[in-house]
Amino acid sequence: MTTSIRPDDTGTGTRSSRWVALCVLLLAEAMNLLDTTIVQVAAPVIRNELQGDGADIQWFTAAYTLAFAVLLIPGGRIGDIIGRRRALRLGMTGFVLASLVCACALTPTMLITARAVQGAAAALVIPQTIGLIRAMFDGPDLGRAFGTIGPVMGLAAVCGPVLGGVLTSTDLFGSSWRSVFLVNVPLGVLTLVGTRLLPRSFAPHRPRFDVLGTLLVAAGSGLVIYPLIERAHWLLLGLGAVVLTGFAVTQRLRSAPLVEPSLFARIRFPAALVCSTLFYAVMQGLLQVFVLHAQLIEHAGALTTGLRLLPWSVAMGLAAVVAGNWLVPRAGGSVMYTGLAVLLAGVVTVLLAPDALPVALAVVGAGIGLFTAPFFTTALAKVRPEENGSAAGLLNAVQQFGGTLGVAALGSLFFTSGAGTALLTACGLSLLTVVAVAIMRSGSS
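Final position of the sequence shown in this note's numbering is 476; the numbers increase by one with none missing.
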């Protein structure tokens with residue numbers, strides 16, 4: 032979807048003000064990633080204090096990411112209708128309020144419900160960032176602006192696990208784990224103040240909202256995730272697949288679909304969606320397994336767990352910077368193969384030499400950073416301007432859905448079959464990702 036800017040409301044219009052406005056958008060993006068990783072570290076402590084069960088640990092993360100994934104594309108469409116700056120403000124306000132409810136939760140159900148609302152609010156925020164960046168920048172500056180996303184996400188990945196451990200363990204003002212949600216309040220308020228620098232950005236033609244499509248994708252996604260976490264009847268998984276197939280069919284028949292059907296006319300973008308789903312299932316699933324093993328098997332505290340994950344986070348951020356600045360300009364999308372090979376080497380090291388866990392975690396993190404640096408540029412390279420909004424929203428949605436699948440599937444395998452089985456499954460998914468990358472790149476010409 033192309034972008035329209037009202038000429039009387041584009042901020043100060045200076046080059047420096049645009050980069051300050053970009054920082055506001057990057058803060059919003061970082062908050063989303065922080066809110067996933069920070070809670071994963073705190074989840075076992077939350078489960079103990081709220082007297083939940085093993086499935087609740089998974090739902091504390093999955094409720095957020097599932098709501099976020101399901102509503103991400105509709106959130107982008109709402110931005111097209113009411114304006115991206117207004118949508119971002121509404122979403123961030125909801126995010127801050129939901130964070131306060133999370134911090135006040137008295138039961139696992141209350142927290143899980145508030146987490147779902149938090150994810151829904153984030154789904155109204157994140158789709159606007161890409162459209163607003165495209166509205167504020169063009170030419171070489173647009174590439175530089177997009178190039179800042181990877182390092183910032185790397186920094187958020189570094190801070191998330193450690194911050195989760197620090198906030199939970201230091202028990203600020205007797206808040207225990209509740210401070211991991213309260214930290215969103217000042218960050219959210221700062222973002223809301225900064226939105227004054229953003230332009231009003233609309234789609235040139237305001238589309239209608241696809242209620243049926245939203246309901247189908249929400250129901251289908253929920254039916255797929257629920258049996259993976261609750262180990263409910265597997266027929267629900269098949270029913271979810273049927274509902275999602277129905278969503279795909281109806282999108283071709285709608286006059287104003289959530290997803291542009293033309294995106295699926297070429298093999299490149301569907302392969303990118305599969306690639307994103309698999310990779311982020313591995314990434315978030317591995318993080319879940321390492322956290323569960325540290326806290327439930329080795330009885331490490333939240334702070335110790337966060338510090339143990341520091342090699343992963345630091346290596347991920349450094350690798351993303353190195354790849355983005357030096358490797359990708361020279362080797363292009365082939366860096367993704369290197370990233371997957373490095374990630375696999377790290378997981379195999381954990382399986383064969385558990386005592387080398389810090390080194391193995393650094394290797395896994397480096398592989399993730401190498402992969403993510405070129406992925407989004409490669410995936411969106413051949414997308415037409417009128418498909419931009421739909422493509423970016425769908426790619427982000429399957430990223431979150433993949434992460435939810437990974438938390439649900441690998442987390443359940445950890446509880447039923449042990450960490451070894453979960454790690455072997457992650458290896459298998461990584462190999463499938465290699466195949467998806469090959470198909471995606473074969474359609475690049």
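Yeah, the Cβ is synthetic: ideal placement off N, Cα and C, and Gly gets one too.
For the set I328, P171, G396, the Cα lying nearest the Cα of L349 is the one of G396. Here the alpha carbons of I69 and F177 stand approximately 24 Å from one another. V183 and L284 have their C-alpha atoms spaced approximately 39 Å apart.
If you compare the alpha carbons of V379, V189, G434, A351 with that of V366, the shortest gap goes to A351.
Just so you know, the alpha carbons of P139 and L81 end up roughly 6 Å apart. In the structure shown, Q82 falls within a coil segment according to DSSP collapsed to helix, strand and coil. With respect to the C-alpha of A354, the residue from A325, T408, A145, V290 having the closest C-alpha is T408. Distance check between M123 and each of T335, D84, A376, A152 places A152 closest, using alpha-carbon atoms only. Within the same chain, Cβ atoms closer than 6 Å to the Cβ of R472 are found at G364, the five residues on either side in sequence being excluded. Exclusion of the five residues before and after R146 leaves F91, A94, Y95, C133 as the residues of its chain whose Cβ lies within less than 7 Å of its Cβ.
Cβ atoms of A166 and A98 stay farther apart than 8 Å, at about 27 Å. Judged by pairs of C-beta atoms under 8 Å, the segment 454–472 touches the segment 300–313, as three or more such pairs exist.
Remark: C-beta atoms of V72 and G195 approach each other more closely than 8 Å.
The criterion of a C-beta distance shorter than 8 Å is satisfied by V359 and P405.
By the Cβ rule, the segment 432–452 counts as touching the segment 318–333, because three or more pairs are nearer than 8 Å. In the DSSP assignment, W357 falls outside any alpha helix (DSSP H), carrying neither H nor E. Residue burial annotation: D84 is exposed, with fewer than 16 other C-beta atoms found within 10 angstroms of its C-beta.
Within the same chain, and ignoring the five residues on either side of L103 in sequence, the residues whose Cβ sits closer than 7 Å to its Cβ are A154, I157, P158, G424, N427, A428, Q431. Take L137, set aside five residues on each side of it, and the residues of its chain with a beta-carbon closer than 8 Å to its own are L81, in chain order.
Sequence-distant Cβ neighbours of I143 in its own chain, meaning closer than 8 Å and more than five residues away, are D87, W90, F91, A94. Relative to P385, the option among A439, R116, G451, R361 whose CA is nearest is G451. Three or more beta-carbon pairs drawn from the segment 268–286 and the segment 239–254 are found closer than 8 Å, and the two stretches are therefore classed as touching. By a beta-carbon distance limit of 8 Å, V248 does not contact F295. Their separation comes to about 15 Å. Between S200 and A333, the C-beta spacing is below 8 Å. Ranking G162, R78, L436 by CA distance to the CA of G106 puts G162 first.
Where S206 is concerned, there is no enclosing alpha helix (DSSP H), because DSSP gives it neither an H nor an E. With fewer than 16 other CB atoms across the displayed protein chains lying within 10 angstroms of its CB, T276 is exposed. For secondary structure counted as the alpha helix (DSSP H) over 4 or more consecutive residues, the segment 243–308 holds these complete runs in sequence order: 266–284.
Within 10 angstroms of the beta-carbon of N79 lie fewer than 16 other beta-carbons, which makes it exposed. Sorting G434, W343, A410 by C-alpha distance to the C-alpha of G400 places W343 at the top. Distances from the CA of A100 to each of T464, R115, I256 were compared; the closest alpha carbon is that of I256. For F300, the number of other beta carbons within 10 angstroms of its own is at least 16, and it is reported as buried.
Taking the C-beta atoms as reference points, E291 is found no nearer than 8 Å to T160. Residue state for L340 is assigned as coil, using DSSP reduced to three classes.
Sorting I164, L198, C135, I77 by C-alpha distance to the C-alpha of L119 places I164 at the top. Judged by DSSP secondary structure, C458 falls within the alpha helix (DSSP H) whose first and last residues are 450–473.
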